[in-house]
Each structure stands twice: as structure tokens, then as C-alpha cells.
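Below: the structure, in C-alpha cells.
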Amino acid sequence: MTRPYPTEQSILRFSIAMTFLLALIGIGFGLASGASSIIFDGIYSLIDASMTTVALVVSMLITATMAERRQAWLAHRFTMGFWHLEPIVLGVNGVLLTGAALYALVTAVNSLLSGGRDLDFGQAMIYASLVLIVAIAMAIRNRRANRRIRSGFVALDVKGWTMSAGLSGALLAAFVFGWLIQGTTLEPLSPYVDPAILALVCLVLLPLPIPDIRRALSDILLITPPEMKAQIDKVAAETVARHGFVDYRAYVARVGRGRQIELFFIVPAGAPARTLEEWDAIRDEIGEAIGGESPDRWLTIAFTTDPEWAD
């Protein structure tokens, strides 16, 4: 019996459960060992898990509005779909993670200036090792699954697990160093290990969400992707030449996973009449040339002799 492929929702559900579990374990270990870096790791994971939960809800809403048996209230209340929520979630997630890292960086610097803090390196190493193993496994698992799904949410989740693995690896290396210098001439440095590694990790994490924030803002502001516009212009220009139209207007935007395309073709005034079936055939021809037919493509094609209707 063939195993069913994991869906976007099932991947995100499992990821959320694992992230919440590790976050609670991290906060517990952080409080027990006195490591502010571990507490930050747990809080960072909680934020990530919370936003992944929101992403899952949005994903379910998008899928629900595309289903053949969609609920009537969704169809009537949200006739334009839920694509617009996806970049909002991704952008808020990036801003929250950046804010958490910035706050932790300030805290770490303050701790360094105050003489550092002592911690139980044994417990800290156990936690960092556990999270490192789980994060690597989850990143590999979800990356493989996303090769087929190609979900922005799952890609963001993979990035989150990859960042978590890097963070845990850095914490583990620092804790091992702190443990090794106990009883040596370097032992006075041990109180600075925790705030120093926290500051370093924050400096690494701060710029990582920026590409996601930029992408989200671009989608929210409906900034036209140049490569997408170039493809639509090419198809529209070929259609104009092939059917003897006067000109065209193309309006293109990417909103999350959705592609919104509106094409208006200026037909010569007094041109021979065509049946509706002939116009529909031209629409089908254009749609096939554009490609990517799926529930995530919103394609509108209109024909008019008056350019004002297209502008």
C-alpha cells in the first residue's frame, strides 16, 4: 500500500507540536541551568510556533475556499480568497523574530557589562544536544517534503528549523567550552560564556528574517514581479500580433502563493464580429500560453474597443 504524501497542513501541524514541545523544554532547562541563551531559544521557538499556527490556519482557509465543496459562508464572505493573508503572516512573523533577537541582544550586552552570569553547563549541554538533533531531523524531513509541495509556509518552517539547528550548534559549542575551562586558569571567563554566545547568536539571527519581510511587503503592496510581468507581456504581445489587435494592457501581482493577472486587449473598432465561443477559444489559448493553471492563478481576460476600459 502506497504511503500518502504529506500535505502542507500535516507538515505544519507536526512542526508546531515539535516546536511547542522544544520551547517548553527549553524554557524549563533555561530556568534550571540559569542560561539566558536557552531561555531566549525557548521564547524564540514559542514565537515561531505561534506564527506557524497562524500560518496553518491561513493555509486551511486558502484550501477551503478552493475546494469544490467549500463552505457557503466562506464563498460569499471572501469571494476574493485568502491569498492576501499569507504575506501578512509571513511579514509579521519576520518582524516578531527580528524584534525578539534585537531585545535579546540588548539583554546580552547588558549582562556582559554587568559581569556575566553563572550557569550549569551540564544541563545546558544536554538541552543543546537534544535540540540540535531534533532541528536537523525536522529541517531535512520538511525540506524533502517541500520539494513536491513547494509551499512558502513550509519553506519558512524549514528555514526556522535550520536557524534553530545553527543556534543549538553554537550554544552547544559554547557550553562545551565553558564546561572544559572549569578548574583551569580560564575559569573566570565562564560567567561570560552565556551572554557572549547569546549576543553572537542574536547578531546572526537579526538579518535572517529580512528577506521574508521584504518579500511580504512586496506582496502586500502588490509590487509587480519583473520576471512575471515580462512573461505576461511576451504572451500578450504575441496574441496582439497573431489576432490583429491594436494593443493590450497587463496588470500583474503576486500575493503569497497566488498569481493575479488581468489582461485587456484593445480590439480594432469595426472589426468583424466573433462568436462568444471564438472569444473563449482565444482566452483558452492565452491561458495555456501563460501556464501554471491552478487554483492559485487568478486570470482575467477582457476584450474592448475602448482603451479607457483597459486603463
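Following this note's numbering, the numbering of the sequence shown begins with 5 at its first residue and continues without gaps.
We put the CB at the ideal spot given by N, CA and C, even for glycine.
1) Helix or strand or just coil, what does DSSP make of residue 13?
2) Enumerate, from N- to C-terminal direction, the unbroken alpha helix (DSSP H) stretches of 4 or more residues contained entirely within the stretch 177 to 241.
3) Using the rule of at least 16 other Cβ atoms within 10 Å of the residue's Cβ for burial, across every protein chain shown, is residue 259 buried or exposed?
4) By DSSP's criteria, residue 288 is part of a beta bridge. Which residues make up the other side?
5) What span of residues does the alpha helix (DSSP H) with residue 109 cover, start to end?
6) Can the beta-carbon of residue 297 be found less than 8 Å from the beta-carbon of residue 155?
7) Going by Cα to Cα distance, which pick from 225, 116 and 240 is closest to residue 193?
8) Ends of the beta strand (DSSP E) at residue 259?
9) With DSSP collapsed to three states, give me the class of residue 24.
10) Report the three-state DSSP secondary structure of residue 175 (helix, strand or coil).
11) Taking just the CA atoms, how far does residue 191 sit from residue 185?
12) Mapping DSSP to helix, strand and coil, what is residue 44?
13) Can you grab the Cα-Cα spacing for the pair residue 273 / residue 290, in whole Å?
14) DSSP three-state call for residue 297: helix, strand or coil?
15) Is it true that the CB of residue 179 sits closer than 8 Å to the CB of residue 63?
16) Quick one: measure Cβ to Cβ for residue 40 and residue 198, integer angstroms, because I've assumed they're closer than 8 Å.
17) Please report the straight-line C-alpha distance between residue 174 and residue 109, rounded to a whole angstrom.
18) Buried or exposed, going by whether 16 or more other CB atoms sit within 10 Å of the CB of residue 277?
19) Considering just the uninterrupted stretch of the beta strand (DSSP E) at residue 267, what are its terminal residues?
20) Does the pairing of the stretch 115 to 129 with the stretch 92 to 103 give three or more beta-carbon distances under 8 Å?
21) Look up residue 279 in the DSSP assignment and say whether it is helix, strand or coil.
22) Measure the beta-carbon distance from residue 59 to residue 16 and round it to whole angstroms, keeping in mind my assumption that it falls under 8 Å.
23) Does residue 123 come out as helix, strand or coil in the three-state DSSP assignment?
The structure says:
1) helix
2) 194 to 209 and 214 to 224
3) buried
4) In DSSP, residue 288 forms no bridge with anything.
5) 89 to 117
6) no
7) 116
8) 251 to 259
9) helix
10) helix
11) 5 Å
12) helix
13) 22 Å
14) coil
15) no
16) 6 Å
17) 15 Å
18) exposed
19) 262 to 270
20) no
21) coil
22) 6 Å
23) coil
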